[in-house]
Amino acid sequence: MSDLENNMVKTKKLIIVGDSAFAEVAHEYFDEDSEYEVVAFSVEQAYLKNQEMRGLPVVSFETLETRFDPDTHEIYVAVVYTQLNRLRSRLAQAAKTKGFRLASYVSSRAFVWRNVKIGEHCFIFEDNTVQPFVCIGDNVVLWSGNHIGHHSKIGSNCFISSHVVISGFCDVGENCFIGVNAAIANNVDIGCDNWIGPSSTIMKSTEAGALFVTKQSEVAKVSAPRFFKLRD
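Position 82 of the sequence shown, counting from 1, maps to 106 under my numbering, and the rest follow consecutively.
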């Protein structure tokens, strides 16, 4: 049992929607580092293949409110950037329609300045630095190790993967994906529905729907053992 778990009192009950790797990761974080007790997983009936996950029941999303009281249980939809975040958004809205409140998680090991505004249904991993006057919309995922610069805005339904630098006074539109190690310069507006590939550098504002594809580094003509003069 970790120090985090030892110090955290469980006062709320949570259902995680999803059964992917993100759902497993979300369960670990909520369990170890939040006031939530995870009591079940849920997926849509068409995708219900297992009755149990991590020792907890997996139940049909369509019948969720008949199994668990919406007044005493909250929902987190642990779905990544599928369909430019539309799937996570749709399931979250459906859960609200069923009467459930949406949960958020902010790691105790993230640095989030006191006047940062965070919407509902957000997941902020460890080692994120979120500077003063930042505004984060609803249904946003900040995977580990990002820098969100002062006065910047992250629109709803975005997925920011690891080690992304978003500089100050930026405005990221809704439904965007930003890949690992991407960098966005100061005062840049990212249009909605942008896909920004890993290691991309964005120096000027983008139009809605822009797709930035990253090329893989070229393989050198000489092999690594030959370059290092290995003789074994």
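By construction, the Cβ of each residue, glycine as well, lies at the ideal position given by its N, Cα and C atoms. All figures in this text were calculated on a predicted structure; none of them were measured in a lab.
Once the 5 residues before and after residue i are set aside, which same chain residues still bring their CB inside 8 Å of it?
i, result
"residue 98", "36, 37, 38, 39, 60, 124, 125, 126 and 127"
"residue 238", "203, 221, 222, 223 and 224"
"residue 89", "122, 123 and 124"
Out of the options, point me to the one whose CA is closest to residue i's CA.
i, options, result
"residue 70", "63, 84, 64 and 79", "84"
"residue 32", "248, 53 and 213", "53"
"residue 62", "72, 81 and 75", "81"
"residue 114", "41, 245, 94 and 233", "41"
"residue 22", "217, 158 and 164", "This structure does not reach residue 22, given that the chain is present from 25 up to 256, and the question cannot be answered."
"residue 174", "87, 144 and 140", "140"
"residue 172", "198, 180 and 191", "191"
"residue 181", "107, 242, 93 and 205", "107"
What are the boundary residues of the beta strand (DSSP E) that includes residue i?
i, result
"residue 83", "80-84"
"residue 100", "97-101"
"residue 64", "60-67"
Using a Cβ-Cβ cut-off of 7 Å (strictly less than) and excluding sequence neighbours within five positions of residue i, which residues of its own chain qualify?
i, result
"residue 25", "Residue placement at residue 25 is flagged as unreliable, the pLDDT there being 40, under the threshold of 50; the coordinate-derived value follows with that caveat. Same-chain partners within the cutoff: there are none."
"residue 104", "46 and 183"
"residue 78", "48 and 51"
Taking 6 Å as the limit between beta carbons, can you name the residues of its chain near residue i, skipping five residues before and five after?
i, result
"residue 68", "85"
"residue 135", "153"
"residue 179", "161, 196, 197 and 198"
Between which two residues does the alpha helix (DSSP H) harbouring residue i extend?
i, result
"residue 243", "From DSSP, residue 243 is part of no alpha helix (DSSP H); its letter is neither H nor E."
Check whether the Cβ of residue i lies closer than 8 Å to any Cβ atom in chain C.
i, result
"residue 105", "Although the question refers to chain C, the structure presented lacks it and comprises just one protein chain."
Assuming residue i contacts residue j under a Cβ cut-off of 8 Å, what Cβ separation, rounded to an integer in Å, is found between them?
i, j, result
"residue 3", "residue 57", "Outside the shown range of the chain (25 to 256) lies residue 3, about which nothing can therefore be said."
Q: Return the chain-ordered ranges of every beta strand (DSSP E) run that is complete within the region 188-220 and spans a minimum of 3 residues.
A: none
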